[in-house]
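Chemist:
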Amino acid sequence: MKKLFAVLGDPIGHSMSPLMHNDLFTHYNIDAVYLPFQVKPEDLGVSVKGLKALGVGGFNVTVPHKSAIIPFLDGVDELALSIGAVNTVVNEEGKLIGYNTDGPGFLKGLETYVTSLSEQKILLIGAGGAARAIYFTLAKSKPVAVDIANRTVETAVQLVEECPFSVPSKAISLDEANKSLDQYDLIIQTTMIGMYPKVTEQPVDLLHIKQQALVCDIIYNPLNTQFLQEAGQKGARIQNGIDMFVYQGALAFEKWTRISPDIQRMRENVLKQLGGANYVNW
Ligand code: ATR
1 MKKLFAVLGD PIGHSMSPLM HNDLFTHYNI DAVYLPFQVK PEDLGVSVKG LKALGVGGFN
61 VTVPHKSAII PFLDGVDELA LSIGAVNTVV NEEGKLIGYN TDGPGFLKGL ETYVTSLSEQ
121 KILLIGAGGA ARAIYFTLAK SKPVAVDIAN RTVETAVQLV EECPFSVPSK AISLDEANKS
181 LDQYDLIIQT TMIGMYPKVT EQPVDLLHIK QQALVCDIIY NPLNTQFLQE AGQKGARIQN
241 GIDMFVYQGA LAFEKWTRIS PDIQRMRENV LKQLGGANYV NW
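Here it is in structure tokens:
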């Protein structure tokens, strides 16, 4: 019998996950379908119950449900629980177990560029949900330091205080970050600033960055944000948000099927969907 997989979000129309996972199911000859469902916050509980009753194989959860889903699950793994957000649910013998593959997905994508995190001094820009997943995951890998720059410094202070893994960290303002950018080996932009349609915005200027620094942006529309373009012009290596998106999906697929999917195939599929152009009109 065909297995059901899904993604729950609101809105959900722009999700590229169905395309990515359906292609993998076909490629690996798995009799399954992955469907997007627009679920209003007040319907989340009943939707999860319904999926469980239907014997869903697993599903993804996206904005705005990543935290709200937790009480409706039968179990949540330790990292996802500490992050307070689930993006992947696996039906494990009738029990719905939640995981977070956003942070680990980012880390996997980073491995192509950085061989050892233990020598990296890292700056995260932003202190929202995406920053939290990346911060806690990076903190577990014991880098030299992970500082957090945010418009609202108190939010960054709170994030540092809530991190369950011990790593040297300080919370700073965007202005302070601007002045100290050249201290960092790895700079990760985690806000939505610069995303389509406001493509000319960027959270900090990149006046003084370390030569050979790696600058990452989690945005993938456009593929190369203003922020990344400027970093590239200053001589930094750059990484756009495609890797994080593809690897979070790959880790979810692996949890559902025990197959490590072909990353290059997934990347090409997503790039094709994005039109291969730098700016995409959604
Ligand atoms: P997500 O869960 O997608 O990470 P979020 O929780 O809304 O999104 O977090 C958004 C992040 O972008 C926050 O760090 C936010 O800064 P504040 O904590 O000060 O709100 C940051 N952000 C959003 N718009 C911004 C802007 N115009 N300038 C600077 N930072 C901004």
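Residues in the sequence shown are numbered from 1 upward in steps of one, following the numbering used here. Positions of the beta carbon are idealized from the N, C-alpha and C atoms, including for glycine. The model shown is predicted, which means the values in this text are computed figures rather than measured ones.
Below 8 Å on the Cβ atoms is my guess for Leu214 versus Tyr113; work out the distance and round it to an integer in Å.
Modeler: Indeed, because the Cβ distance is near 5 Å, the residues count as touching under 8 Å.
Chemist: Please return the same chain residues whose Cβ sits closer than 8 Å to the Cβ of Lys95, not counting the five positions on each side in sequence.
Modeler: Excluding sequence neighbours, Lys95 sits near Asp74 and Gly75.
Chemist: Just to confirm my understanding: we take Ala127, look at its own chain, exclude 5 residues before and 5 after, and list those with CB closer than 7 Å. What are they?
Modeler: Contacts found: Ile148, Asn150, Thr155, Ala156 and Leu159.
Chemist: Could you round the C-beta distance between Tyr28 and Ala6 to whole angstroms and report it? I think they count as a contact, below 8 Å.
Modeler: In fact, because the Cβ distance is near 18 Å, the residues do not count as touching under 8 Å.
Chemist: Contact check, Asn91 vs Thr101 under 8 Å by CB: the rounded distance?
Modeler: Contact flag wrong, Cβ pair sits at about 16 Å.
Chemist: When you compare each of Asp185, Glu162 and Leu123 to Thr191 by their alpha carbons, which one comes out closest?
Modeler: Closest by alpha carbon: Leu123.
Chemist: Quick check on the DSSP output: what are the complete alpha helix (DSSP H) runs of length 4 or more inside the segment 13 to 66, in order along the chain?
Modeler: Counting only runs of 4 or more, we get 17 to 27 and 44 to 53.
Chemist: Closer than 7 Å by C-beta to Gly232: which residues in its own chain qualify, once you throw out the five before and the five after it? Chain order, please.
Modeler: Correct list, in chain order: Ile238.
Chemist: If you drop the 5 nearest sequence neighbours on each side, which residues of the same chain put their C-beta closer than 8 Å to that of Glu201?
Modeler: So the qualifying residues of the chain are Ile193, Gly194 and Gln226.
Chemist: Going by DSSP in three states, Arg267 sits in which element: helix, strand or coil?
Modeler: In the structure shown, Arg267 sits in a helix (DSSP, three-state: H, G or I).
Chemist: Going by beta carbon distance, what residues of the same chain come within less than 8 Å of Asn269, once the five residues before and after it are set aside?
Modeler: Closer than 8 Å at Cβ, skipping near neighbours: Leu19, Met20 and Asp23.
Chemist: How would you label Val63, buried or exposed, when you count the other beta carbons within 10 angstroms and need 16 or more for buried?
Modeler: That one is exposed.
Chemist: Quick one: does the C-beta of Thr191 sit closer than 7 Å to a heavy atom of the ligand ATR?
Modeler: Within the cutoff, so yes.
Chemist: Look up Asn242 in the DSSP assignment and say whether it is helix, strand or coil.
Modeler: Looking at the sequence shown, residue 242 is not Asn but Ile. Correct three-state label for Ile242: helix.
Chemist: Taking Cβ to Cβ, would you say Gly98 is nearer than 8 Å to Asp77?
Modeler: The answer is yes: Cβ separation under 8 Å.
Chemist: Give, in chain order, every unbroken run of the beta strand (DSSP E) that is at least 3 residues long and sits entirely within the segment 171 to 215.
Modeler: Runs found: 186 to 189.
Chemist: With burial defined as no fewer than 16 other Cβ atoms inside 10 Å of the residue's Cβ, what is the status of Gly57: buried or exposed?
Modeler: Buried, by the Cβ-count rule.
Chemist: Is Arg258 close to the ligand ATR? I mean its beta-carbon at under 7 Å from any heavy atom of the ligand.
Modeler: Checking the Cβ of Arg258 against the ligand ATR gives no.
Chemist: From the DSSP output, in three-state form, read off Val146 for me.
Modeler: If DSSP states are grouped into helix, strand and coil, Val146 belongs with the strands.
Chemist: Determine the extent of the beta strand (DSSP E) in which Val90 is found, giving its start and end residues.
Modeler: Counting along the chain, the beta strand (DSSP E) containing Val90 begins and ends at Thr88 to Glu92.
Chemist: Tyr279 by DSSP, collapsed to three states: which one?
Modeler: Because the pLDDT at Tyr279 is just 45, under 50, the model does not fix this residue reliably, and the point stays unresolved.
Chemist: Roughly how many angstroms lie between the CA atoms of Trp282 and His14, to the nearest whole one?
Modeler: Residue confidence for Trp282 is low, a pLDDT of 40 falling below 50, so the modelled location carries little weight and cannot support an answer.
Chemist: On the DSSP bridge assignment, give the partners of Ala6 in chain order.
Modeler: According to DSSP, Ala6 bridges with Leu35 and Phe59.
Chemist: I need the straight-line Cα distance from Lys52 to Glu161, nearest angstrom please.
Modeler: One C-alpha to the other measures close to 36 Å.
Chemist: Name, in chain order, the residues that DSSP records as bridge partners for Ile97.
Modeler: Paired residues: Gly75 and Val90.
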